[in-house]
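S.K.: Here it is, the structure, as structure tokens.
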Amino acid sequence: MPQGPQMPSMPLSMMRAGETATVARVKGASDVKRHLETLGFVEGSQVHVVTVGGGNIIVMVKGARFGLDVKVARNVMVA
């Protein structure tokens, strides 16, 4: 069944400090997806990138700051 036009998305790991985006989807193994969703990375939530560096990304989601490894951040698709 065809759906409406999809917004282009990119991995959270490609965002720069100061940018804000909306979570489009979370991918990866079920345990990784569940962990990220528990932290607030759910479809439609806003993610603000605080800093990026050293293989880590610090983001703010639903009023809480989290540090993610860039490899984990690749599982969060944002638009």
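In terms of the working numbering, the sequence shown opens at residue 3 and continues consecutively.
Even for Gly, the Cβ is constructed at its ideal location relative to N, Cα and C.
In this text the structure is predicted, and so the values were computed from the model without any measurement.
Just tell me which of 33, 46 and 68 has its CA closest to the CA of residue 27.
M.R.: Measuring from the Cα of residue 27, the nearest candidate turns out to be 46.
S.K.: Are residue 11 and residue 79 close, meaning C-beta to C-beta below 8 Å?
M.R.: Yes, these two residues count as a Cβ contact at 8 Å.
S.K.: Would you call the CB atoms of residue 72 and residue 42 closer than 8 Å?
M.R.: In this structure, residue 42 does not lie closer than 8 Å to residue 72 by Cβ.
S.K.: Between the Cα of residue 76 and the Cα atoms of 52, 20, 57 and 65, which residue gives the shortest distance?
M.R.: Checked all of 52, 20, 57 and 65; the closest Cα to residue 76 is 57.
S.K.: According to DSSP, is residue 75 helix, strand or coil?
M.R.: Reduced to three states, the DSSP call for residue 75 is helix.
S.K.: Return the CA-CA distance between residue 20 and residue 30, expressed in angstroms with no decimal places.
M.R.: Computed Cα separation, rounded: 26 Å.
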